[in-house]
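Comments concern the structure below.
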Amino acid sequence: MTIHNWLFKITLLNIWVAECTFLDYKKIKENISKLKNEIDQVNLRLNVSSLQPNVKAGIDQEIENTERIIQNRSWGENENESDYKEKLRKLHDCKKAFNERIFQLTAEKVELECQLGIQEANLQRL
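Numbering (mature numbering (1 follows the signal peptide of the UniProt record, and there is no 0)), first residue to last: -22 to -1, 1 to 104.
Here's what the structure looks like:
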């Protein structure tokens, strides 16, 4: 009988809890390691995105300035209101994309953390 065929039985108060092969145990440990690495990568991307407050603040300031120009009707000679409304639309799209990216990364992190919790629970049951 090789170690790969060996069945580990863990008992708790003489109650049979789990039965697995060494490969099952190894696979769960590898999954945990992989998930932790993926979470670290998502955290890095999230931190990079979140640490750009000047980008978000710049977009917000530009939106405010553009709205003020439209409200005061103070555009230049070679420009018109529709140019500024288009610019404002693009700025709002940019802000929305920025916020969606943060949301997407946060959701991805939560999903990975849930998977990690499941794998750690599986490991504890072995």
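The C-beta atom is built at its ideal place from N, Cα and C for all residues, glycine as well. Since this is a predicted model, take the numbers as computed values, not measurements.
Selection Lys14, Ser11 and Val20 evaluated against Arg79 yields Val20 as nearest (Cα-Cα). With fewer than 16 other beta carbons inside 10 angstroms of its own, Gln102 counts as exposed. Boundaries of the alpha helix (DSSP H) harbouring Gln97: Glu59 to Arg103, taken from the DSSP string. Going by DSSP, Gln19 is part of the alpha helix (DSSP H) stretching over Phe(-1) to Ser28.
Here DSSP, grouped into helix, strand and coil, assigns Gly36 to helix.
In this structure Lys63 is not in contact with Leu24, their Cβ atoms being roughly 33 Å apart against a cut-off of 8 Å. Inter-residue distance for Lys7 and Phe(-1) is about 11 Å (C-alpha atoms, whole angstroms).
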